[in-house]
Amino acid sequence: MISLYRPGRSLLHRAPAGAKLLGLVILGLAVSFIPRDRTALTVVLLAAAALLVVAGYASARLAPGILLRQLWTTRWIVVVMVVTQLIFLTPWDAAVSTVRVVAILLLAALLTLTTRSEDLLDALQTALRPLTRFGVDPRRVGLTLSLTIAMLPVIASIAERVREAQQARGARLGVRAIVPMLVLSLRHADDVADALTARGVE
Numbered sequence: 181m182i183s184l185y186r187p188g189r190s191l192l193h194r195a196p197a198g199a200k201l202l203g204l205v206i207l208g209l210a211v212s213f214i215p216r217d218r219t220a221l222t223v224v225l226l227a228a229a230a231l232l233v234v235a236g237y238a239s240a241r242l243a244p245g246i247l248l249r250q251l252w253t254t255r256w257i258v259v260v261m262v263v264t265q266l267i268f269l270t271p272w273d274a275a276v277s278t279v280r281v282v283a284i285l286l287l288a289a290l291l292t293l294t295t296r297s298e299d300l301l302d303a304l305q306t307a308l309r310p311l312t313r314f315g316v317d318p319r320r321v322g323l324t325l326s327l328t329i330a331m332l333p334v335i336a337s338i339a340e341r342v343r344e345a346q347q348a349r350g351a352r353l354g355v356r357a358i359v360p361m362l363v364l365s366l367r368h369a370d371d372v373a374d375a376l377t378a379r380g381v382e
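Taking my numbering as reference, the numbering of the sequence shown is continuous, increasing by one, and the terminal residue is 382.
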């Protein structure tokens, strides 16, 4: 659910990254604590969470349909959650849990849509500074996260290259396409590691 930043001048865009990150944590905890019992309060709280997501995307003044596209990206998560939870839970409990998770995912996507990744990483490093006394290196955590974010479009481009190669050869590898993707990904990871080593990064 890491989305690309969409420039804008809304209040959410102008808000400090640290405040938005803290707000996401608070809202995520609030949504997580919505009870699963069959009461009117639960229905009201779930509706409030949905309205909060819609209001957030509306206030960000993003392109029309962006909320629906973000919601569509969660479809497989919804399917997996519903199917697995129905084995152990009632349909009502499964529905409540799924709505809570989707709401949090959409709020997290809204954060990345309205916040530059470098600002978000700087805010995260600032928040982790008190943990240096416990041996946590905020810069290393920030570097790890930035490399992870940068790797996502690389993996997507590798998958596109493998797909185009299949089409050019008239072959359909199916699940076996994972093998060339894995090889190319590991090769790229080695190149990145060599570049970091050459720059003195442990």
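By construction, the Cβ of each residue, glycine as well, lies at the ideal position given by its N, Cα and C atoms.
Shown here, residue 198 sits in a helix according to DSSP, grouped into three states. Separation of residue 346 and residue 352 (C-alpha to C-alpha, rounded to the nearest whole angstrom) is 6 Å. Note that the C-beta distance between residue 208 and residue 287 is below 8 Å.
Nearest to residue 190 by C-alpha distance, out of 218, 228, 184, 238, is 238.
Assignment of residue 214 by DSSP, reduced to helix, strand and coil, places it in the coil class. Straight through space, the alpha carbons of residue 203 and residue 245 are spaced by roughly 24 Å.
Scanning the region 283 to 368 from its first residue to its last, no whole beta strand (DSSP E) run of 3-plus residues comes out. In this structure residue 276 is buried. Its beta-carbon is surrounded by 16 or more other beta-carbon atoms within 10 angstroms.
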